Structures are given as C-alpha cells and as structure tokens.
Amino acid sequence: MIALWIILGIVVFILIYVISTYNKLVTLRNRVKDQWSQIDVVLKRRADLIPNLVETVKGYATHEKETLDAVISARNKAVSATTPESSIEANGELSQALGRLLAITESYPELKANTNFMDLQNQLKDTEDKITYSRQFYNDSVLKYQNGIERFPSNIIAGMFGFKPYQFFEADEQDRKVPEVKF
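Following this note's numbering, the numbering of the sequence shown begins with 366 at its first residue and continues without gaps.
Below you can see the structure in the form of structure tokens.
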C-alpha cells in the first residue's frame, strides 16, 4: 500500500513538473511573439515614413531615380514580408537602401535645409532607434525561450510538445562593415 502511494506521488510530481514546464515554455514562446509584434509595429511606422521622405527628396534630386526606386522597392518587399525570417532579410535591404538615400542628400544643401525633409529625417531616426531597442528586446526574449527549450530536462518536454526555435534578429553583413569616412 505504501509503495502504491509512493508511485502515485512520483506520478503526480512528474505530471505537475510537465504541466509547469509546458506552461513556462508557452509563456516564453508568447513573449517572443509579442516582441516580434512590437518590432512589426515600428517597422510599419518606418515603412509609412519612407514614401513621404522619397517624395520630398524627389523634388530636389531628380537625377537620383535609381536610388529612389531602390528604396521604394526595398520598402515594398519589407511591407509584404510574411514571416519573421523574410521580414528580417527584407528590412536589412531596406536599411541599406535608406542609407544610400540619406547619403545622396548630402549633395543637396537646399534639401538639407528643407524643414519638411528635416522633420521626416528626424522621425526616421527616432523610428530607427525604436527598431534597435525592439530588436534587442526581441533577441532577449528569443534567448530566454531558446534556453527553455534547450536546457535539460525542459528540452524533453519541449520536444514532446513540438516547441521549435526562433531566429535571432541579426545584423546583415553590410551592417557589420566599418563605414569608410573621407574628408
């Protein structure tokens, strides 16, 4: 009779552990999804700012059509991305295209003096800062989740219930290059 109670106690303990671990992993996975949603909101804001910025630049930089088209194309790709992975890749391209766009503005002093352009540029800078912070929080959430699904013994429960890893939001190779500054 005592052996039956001991076995029953062990089974109850294991069941409570499995339920507790499962709930913890669900919470961590949902936190990752929430953080991705936060990035998505800020990326949408950036995508909404870009057409106004491009239109403002168009008025001054008529012979920079190739750069302007590249920015619009990259923006459209970023907006139409459907998965976090494709969004990460598309937004990397968009960041590079925006960098080229902002670089050409240096050739147009009258554009740099335009208050509408300066306001849009400041809004874009603020949005880029928010994207950076959102990426950081997202990556922190992914790290906690990855630890949860990879550490023993919770990795057993994660495997049993099909918890899959998420991709970190990493910098592109272009973003890792040191910019060349010439005077």
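Virtual Cβ for every residue (Gly too), placed ideally from N, Cα, C. Every value quoted in this text rests on a predicted model; they were computed, and no experiment measured them.
Which same chain residues, not among the five before or five after residue i, have their C-beta less than 6 Å away from its C-beta?
i	result
Pro449	Trp401
Ile415	Arg440
Ala455	Lys442, Ala443 and Ala446
Glu429	Ile469
Asn481	Thr421
From residue i to residue j, what distance separates their C-alpha atoms?
i	j	result
Gly457	Tyr473	26 Å
Asp569	Arg411	Limits of the chain in this structure are 366 at one end and 548 at the other, which puts residue 569 out of reach.
Gly374	Ile522	20 Å
Ser452	Leu508	19 Å
Val422	Asp413	15 Å
Glu535	Thr386	28 Å
Asn395	Ile371	36 Å
Asp494	Asp399	19 Å
Ile496	Ile379	42 Å
Asp484	Tyr510	39 Å
Arg516	Leu390	11 Å
Please work out which residues of its chain come closer than 8 Å, Cβ to Cβ, to residue i, disregarding the five sequence neighbours upstream and downstream, and give them in chain order.
i	result
Glu471	Lys477
Ile437	Ile415, Pro416 and Val419
Thr392	none
Met366	none
When we look at the beta-carbon of residue i and count the other beta-carbons within 10 Å, is it buried (16 or more) or exposed?
i	result
Gly513	buried
Val406	exposed
Val376	exposed
Phe528	buried
Tyr531	buried
Gln501	exposed
By Cβ distance, which residues of its chain are closer than 7 Å to residue i, with the 5 residues on each side in sequence left out?
i	result
Leu459	Ala439, Arg440 and Ala443
Ala462	Ala435, Val436 and Ala439
Gln488	Leu414
Asn504	Phe533 and Phe534
Exercise. Going along the chain, which unbroken runs of the alpha helix (DSSP H) with 4 or more residues stay wholly within the stretch 455–529?
Worked result: 474–477, 480–515 and 519–525
For this session: Taking only runs that begin and end inside the stretch 408–452, name each unbroken alpha helix (DSSP H) of 4 or more residues, in chain order.
Result: 430–445
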